[in-house]
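Residue numbers (the working numbering), protein chains in the order written: chain E, 2 to 513; chain G, 2 to 513.
Protein chains: 2
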Amino acid sequence: MVKNSLGRAIPESFGGRPLIPYSDPFSLRPDAERATRALRRVNPGDNKLLGGLREAIEAAGLKDGMTIATHHHLRNGDALLGLVVREIDALGIRDIRIASSSIHPVHAELIPYVEKGVISAFECGVNGPIGEQASKGELSCPIVVRTHGGRARAIITGEVPIDLAFIAAPTCDAYGNMNGYQGPSACGSLGYAHTDALYAKTVVAVTDNLVPYPAAPISIPQTLIDYVVQVETLGDPQKIVSTTTRVTRDPVGLQIARYAAQVIEASGHLKDGFSFQTGSGGISLAVAEQVRRMMREQRIKGSFGCGGITGYFVDMLEEGLFQALFDVQCFDLRAVESIGKNPGHLEISADMYANPFNAGAVVNRLDCVILGATEVDVNFNVNVNTESNGYLLHNTGGHSDTAAGAKLSIITAPSIRGRLPIVRDEVTTVTTPGETVDVIVTERGIAVNDKHPELKKELQRRKVPVKEIRQLQQEITQVTGRPRPLEFTDDIVALIEYRDGSIIDVVRKVKE
Amino acid sequence: MVKNSLGRAIPESFGGRPLIPYSDPFSLRPDAERATRALRRVNPGDNKLLGGLREAIEAAGLKDGMTIATHHHLRNGDALLGLVVREIDALGIRDIRIASSSIHPVHAELIPYVEKGVISAFECGVNGPIGEQASKGELSCPIVVRTHGGRARAIITGEVPIDLAFIAAPTCDAYGNMNGYQGPSACGSLGYAHTDALYAKTVVAVTDNLVPYPAAPISIPQTLIDYVVQVETLGDPQKIVSTTTRVTRDPVGLQIARYAAQVIEASGHLKDGFSFQTGSGGISLAVAEQVRRMMREQRIKGSFGCGGITGYFVDMLEEGLFQALFDVQCFDLRAVESIGKNPGHLEISADMYANPFNAGAVVNRLDCVILGATEVDVNFNVNVNTESNGYLLHNTGGHSDTAAGAKLSIITAPSIRGRLPIVRDEVTTVTTPGETVDVIVTERGIAVNDKHPELKKELQRRKVPVKEIRQLQQEITQVTGRPRPLEFTDDIVALIEYRDGSIIDVVRKVKE
Chain E
2 MVKNSLGRAI PESFGGRPLI PYSDPFSLRP DAERATRALR RVNPGDNKLL
52 GGLREAIEAA GLKDGMTIAT HHHLRNGDAL LGLVVREIDA LGIRDIRIAS
102 SSIHPVHAEL IPYVEKGVIS AFECGVNGPI GEQASKGELS CPIVVRTHGG
152 RARAIITGEV PIDLAFIAAP TCDAYGNMNG YQGPSACGSL GYAHTDALYA
202 KTVVAVTDNL VPYPAAPISI PQTLIDYVVQ VETLGDPQKI VSTTTRVTRD
252 PVGLQIARYA AQVIEASGHL KDGFSFQTGS GGISLAVAEQ VRRMMREQRI
302 KGSFGCGGIT GYFVDMLEEG LFQALFDVQC FDLRAVESIG KNPGHLEISA
352 DMYANPFNAG AVVNRLDCVI LGATEVDVNF NVNVNTESNG YLLHNTGGHS
402 DTAAGAKLSI ITAPSIRGRL PIVRDEVTTV TTPGETVDVI VTERGIAVND
452 KHPELKKELQ RRKVPVKEIR QLQQEITQVT GRPRPLEFTD DIVALIEYRD
502 GSIIDVVRKV KE
Chain G
2 MVKNSLGRAI PESFGGRPLI PYSDPFSLRP DAERATRALR RVNPGDNKLL
52 GGLREAIEAA GLKDGMTIAT HHHLRNGDAL LGLVVREIDA LGIRDIRIAS
102 SSIHPVHAEL IPYVEKGVIS AFECGVNGPI GEQASKGELS CPIVVRTHGG
152 RARAIITGEV PIDLAFIAAP TCDAYGNMNG YQGPSACGSL GYAHTDALYA
202 KTVVAVTDNL VPYPAAPISI PQTLIDYVVQ VETLGDPQKI VSTTTRVTRD
252 PVGLQIARYA AQVIEASGHL KDGFSFQTGS GGISLAVAEQ VRRMMREQRI
302 KGSFGCGGIT GYFVDMLEEG LFQALFDVQC FDLRAVESIG KNPGHLEISA
352 DMYANPFNAG AVVNRLDCVI LGATEVDVNF NVNVNTESNG YLLHNTGGHS
402 DTAAGAKLSI ITAPSIRGRL PIVRDEVTTV TTPGETVDVI VTERGIAVND
452 KHPELKKELQ RRKVPVKEIR QLQQEITQVT GRPRPLEFTD DIVALIEYRD
502 GSIIDVVRKV KE
């Protein structure tokens, strides 16, 4: 064990892989060449359309110990990963590593296959039951949680070599050109799958909407796709995209959003060229609404909105408040409808979105991002991975990517959640280092990182309730009391990998 | 020397590089991994905008013996390659290899730099004076002519490692996002530059239209661009894009076009899903006009048009005769205007267009292509590289790529050109092997490759003047007489590389 710069004890290796302890957000530089793969040749007349997933697995030569990937653009509606794992099991293949872009609660269906030895590791974060069972010690299967940018980086560096990628393609032709804009499983951007298409040893497009050649527009082109498989359905459309995402109506949430908007205004970033990211949660959208109002009133012409895109951002694009949207994932139907037709609504890969090891990701150009937290601590470190019970329940997503990239990263969270205080002495798990977190906004007050004395002064001038973070903590714990510390065993259940590949924290088994 | 399968004498090596003699169009398979390059890291706040080309050359660490590339999307209006070479010379760097996508007559300005030793090789085909001088022995500088697909292949395999690529970007932001759709040097598709952006060791975007971040739409993204340089002008807009491309009015050309259209109709390919490529020459466009008429009359819904795109193809897209256009290069203003706004008008890379070593290029899906020739021979081999004087004057372009890919490749050419017969016993230089050439159409008759007995029969049934190729040759030479054979020395001036990297022919110095 060694302590990383945040004082977290990190093992020297994990599953045989030597680990780099986290040091700081920006100084680790790649000393490697981009991963490669064998060239191929497909001649005129060659057929890529196979009879089913099993034929594709066989054609790819999948063997025990190899790594597969799927992507979470179908979210909790995804049927593909389950279909694939059942076929792998039926073929008697074991010890498979899952390097998907994210695992959702629907994938609890994989648990029996972990127990059976078909799946032996998750090279990806897990939302929901799998993480919970792992945290309880009920499921033995190492997990490596990566950020969206970090996953792209790990594939490109070859740290996570994917033997076989299955890309859910809502619209696809028999030669593999695909997009996510049309079809019964339309999901919009296929942003998480682009890097796999470029780097996986074999790439299979799986579609429930096979169209005549050529599918157009093209998100991922034929030149990267080895095989095409048609299935009856890729998933449950009801769960693929929300019909709507809505602004919170909760008064606490609305208060937080107002404060966050005041922080943005006070920061001086809200001017022509403003760039912005929010999530799809109710508070985030309330902040977006405030920002939109201010941009309109002040006739500000922003540059771009990015991240998971919602109808709110589409409206802002169409209104001329943004010049472009960078879309790695569509969060609602309105975003899905827009990406296929708005020329300024651009699909981007997770690599372009957030990979720290390329010639400059989009997050580097962000002025402001609004992020959530399950806990923050007095050093501004943020936890979004584990819940108050210590269970690993959430993926990092773009949290630490955008926090590192944006000039102003704002954490919005209610001061009390499930009777527990949001501000802790130390977060249970560090997802995002405090050095990259600029402001924490709760309904009881705002804490500004010491890196920004002018912003603090300006907020005070504007009579916004700025507080020292320890004072904020004290006010909250006066209500909640100090929470009972969680107890963990020494067993490491998951690594929390920072975007540059260093290890920022680990998740240990909860002592029940 | 060894003879390749077409009987052409090929040296065992050239400039130290061992050569593979051409065997056949489809059987050579890559036994290699994709080339790689060092990873990089660009942090928030890092600046990519440099003061000028010289700073970019210095930042890239260009040294004697290295390879640079530019691209021919600015065609004969390109000023960039000249600017770059002058800066390289001024820095005292020598022995540079030029691996541009093509060299145009405007680049005759490079001749003094070849003589001076700044430029020591052309890893690309050369249109115009440079090839002529090399053919005469007046310029000593080895040339390797590649097809559009072959160039992409050679970059991806690492056979041509590009140290420093300069991409002329008609619209670009300071972070390197670019497109060719807008700006004073607008040219449309940047198709030839995509592969360089992915594989060159250092990539510099050069623009005369720097726009606020983000430039959108994005043809080549920021993640691949190391530096951005602003210049006063990228070239001469008058020469970048033709204002119009026109159907021939020459009666001979019109007769050829009518015959070609009859061949297409007789072939059975002209039905729903029809895909088609023509060049921008007057005969090609006349064929396109005939095809359009037939598609309208027969209510045929085609799939795609591809290649260099003209206004004719844009009209066909907008009329619903094609579902999509695959555009590696825009040939006229109307195409440039369309690519930025028609959702079915898709920019593609030369890799996607024609590289034989990927998971399937667009040319593989072509039903029919109309191509030109400076000579054909009785074995259907075609020459487009050398002229009747033996001088290397033209690049291969997509000629042999599309001939290999298309189900029906039609050569259209007047039977007599400059008093010389188009059909020879042997072409001076083999650009495209006869095995991939299906029909030769002249105004005096049509020759069908023996591979297609049904097509021949069908054309006879339709009373189209089909002739044996030797008979056609005889009829033409009765008018022209037999041309005096050209005489060459043993000195090899250029290699003609087939799309798969094997050598299909060489160009020798002309004996004056």
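Cβ coordinates follow ideal geometry from the N, Cα and C atoms, glycine included.
Nothing here was measured: the structure is a model prediction, and the numbers come from that model.
CA-CA distance, Val-508 of chain G and Val-207 of chain G? For Val-508 of chain G and Val-207 of chain G, the distance between alpha carbons rounds to 34 Å.
How about the region 478 to 489 of chain G and the region 418 to 432 of chain G: do they share at least three Cβ pairs that are nearer than 8 Å? These segments touch.
Excluding the 5 residues preceding and the 5 following Ser-186 of chain E in the sequence, name in chain order all residues of the same chain whose CB lies nearer than 8 Å to its CB. Within the same chain, and ignoring the five residues on either side of Ser-186 of chain E in sequence, the residues whose Cβ sits closer than 8 Å to its Cβ are Leu-75, Gly-78, Ala-169, Pro-171, Asp-209, Asn-210, Thr-234, Leu-235, Gly-236, Pro-238, Ile-241.
Is Gly-345 of chain E helix, strand or coil by DSSP? Under the three-state reduction of DSSP output, Gly-345 of chain E falls in the coil class, being neither helix nor strand.
According to a CB-to-CB cut-off of less than 7 Å, which residues of the region 215 to 231 of chain G neighbour chain E? Among the residues of the region 215 to 231 of chain G, those with a Cβ less than 7 Å away from any Cβ of chain E are Pro-215, Ala-217, Pro-218, Ile-219, Pro-222, Gln-223, Thr-224, Leu-225, Ile-226, Asp-227, in the order of the chain.
So, Ala-448 of chain E versus Ile-412 of chain E, is the Cβ gap smaller than 7 Å? Contact: no.
List the residues of chain E that Asp-352 of chain G touches, going by C-beta distances under 7 Å, in chain order. In chain order: Thr-224.
Please decide whether Pro-252 of chain G counts as near chain E, where near means a Cβ-Cβ distance under 7 Å. Interface flag for Pro-252 of chain G against chain E is unset, since no Cβ pair is found closer than 7 Å.
Would you identify the three-state DSSP class for Pro-215 of chain G, choosing helix, strand or coil? If DSSP states are grouped into helix, strand and coil, Pro-215 of chain G belongs with coil.
Give a yes or no on whether the minimum CB-CB distance between Ala-336 of chain G and chain E is below 7 Å. False, the Cβ-Cβ gap to chain E never drops below 7 Å.
Partners in chain G for Gly-435 of chain E, counting only beta-carbon separations shorter than 7 Å: Within chain G, not a single residue places a beta-carbon under 7 Å from that of Gly-435 of chain E; the smallest gap is close to 17 Å.
For Leu-40 of chain E, which residues in chain G fall below 9 Å Cβ to Cβ? Result: Arg-30, Pro-31, Asp-32, Ala-33, Glu-34, Arg-35, Arg-154, Ile-157, Thr-158, Phe-358, Asn-359.
Span separating the alpha-carbon of Ile-477 of chain E from that of Thr-279 of chain E: Inter-residue distance for Ile-477 of chain E and Thr-279 of chain E is about 26 Å (C-alpha atoms, whole angstroms).
Counting along the chain, where does the alpha helix (DSSP H) carrying Glu-376 of chain G start and finish? No alpha helix (DSSP H) holds Glu-376 of chain G; the beta strand (DSSP E) holding it covers 376 to 378.
Would you list the one or two residues that DSSP bridges to Ser-243 of chain G? Beta-bridge pairing links Ser-243 of chain G to G:Asp-333.
Using a Cβ-Cβ cutoff of 7 Å, what residues of the region 304 to 315 of chain E are near chain G? List them in chain order. For the region 304 to 315 of chain E, the set of residues with a beta-carbon nearer than 7 Å to any beta-carbon of chain G comprises Ser-304, Phe-305, in chain order.
Option in G:Ser-28, G:Ala-414, G:Thr-203, G:Phe-358 with minimal Cα separation from Glu-517 of chain G: Shown here, chain G extends from 2 to 513; a query on residue 517 of chain G therefore has no answer.
So for Ala-360 of chain G, helix, strand or coil by DSSP? When secondary structure is reduced to three states using DSSP, Ala-360 of chain G falls in the coil class, being assigned neither helix nor strand.
Whole angstroms are fine: how far does the CA of His-105 of chain G sit from the CA of Pro-434 of chain E? Their Cα atoms are separated by approximately 54 Å.
Enumerate in chain order the residues of its own chain whose CB-to-CB distance from Asn-450 of chain G is below 6 Å, with the five nearest sequence positions on each side excluded. Taken in chain order, the residues that qualify are Phe-381, Asp-439.
Could you name the residues of the same chain whose beta carbon sits closer than 6 Å to that of Val-428 of chain G, not counting the 5 residues immediately before and after it, in chain order? Answer for Val-428 of chain G: Glu-376, Asp-378, Asn-382, Asn-384, listed in chain order.
Kindly indicate which three-state DSSP category Asp-227 of chain E falls into: helix, strand or coil? Asp-227 of chain E falls in the coil class under three-state DSSP.
State the start and end residues of the unbroken alpha helix (DSSP H) segment that holds Asp-197 of chain E. Counting along the chain, the alpha helix (DSSP H) containing Asp-197 of chain E begins and ends at 195 to 200.
Endpoints, beta strand (DSSP E) assigned at Ser-350 of chain E: Looking at the DSSP string, Ser-350 of chain E is not in any beta strand (DSSP E), and its letter there is neither H nor E.
DSSP beta-bridge partners for Val-1 of chain E? Examination of residue 1 of chain E is not possible in this model, given that chain E is present from 2 through 513 alone.
For Leu-318 of chain E, which residues in chain G fall below 8 Å Cβ to Cβ? In chain order: nothing, as chain G lies at least about 10 Å away.
Of all the options E:Tyr-354, E:Ser-401, E:Arg-366, which has the alpha carbon lying nearest to the alpha carbon of Ala-373 of chain E? Here residue 373 of chain E turns out to be Gly, not Ala, going by the sequence shown. For Gly-373 of chain E, the closest alpha carbon among the candidates E:Tyr-354, E:Ser-401, E:Arg-366 is that of E:Ser-401.
Minimum Cβ-Cβ distance from Gly-16 of chain E to chain G less than 7 Å: So no, Gly-16 of chain E is outside the interface.
When the cut-off is 7 Å and only beta carbons count, does Ala-325 of chain G lie next to chain E? A Cβ of chain E is located within less than 7 Å of the beta carbon of Ala-325 of chain G.
Assign Ala-39 of chain E to buried or exposed, taking buried as 16 or more other Cβ atoms, counted over all protein chains shown, within 10 Å of its Cβ. Per the 10 Å Cβ criterion, exposed.
Residues near Glu-266 of chain G in its chain [Cβ-Cβ closer than 7 Å; skip 5 each side]: Here the set comprises Met-295.
My understanding is that Val-205 of chain E touches Ala-57 of chain E, with C-beta atoms under 8 Å, so please give their C-beta distance in whole angstroms. Indeed, because the Cβ distance is near 5 Å, the residues count as touching under 8 Å.
Between which two residues does the beta strand (DSSP E) holding Leu-496 of chain G run? According to the DSSP assignment, Leu-496 of chain G belongs to the beta strand (DSSP E) that extends over 489 to 498.
Output needed for Met-353 of chain E: all residues of its chain with C-beta closer than 7 Å, excluding positions within five of it in sequence on either side, in chain order. Counting only residues of its own chain and dropping the five nearest sequence neighbours on each side, Met-353 of chain E has a CB closer than 7 Å to the CB of Ala-362, Val-363.
Check whether the Cβ of Phe-27 of chain E lies closer than 7 Å to any Cβ atom in chain G. It does; some Cβ of chain G falls within 7 Å.
Return the bridge partner residues of Cys-173 of chain E from the DSSP annotation. DSSP output for Cys-173 of chain E lists E:Met-179, E:Leu-211 as bridge partner(s).
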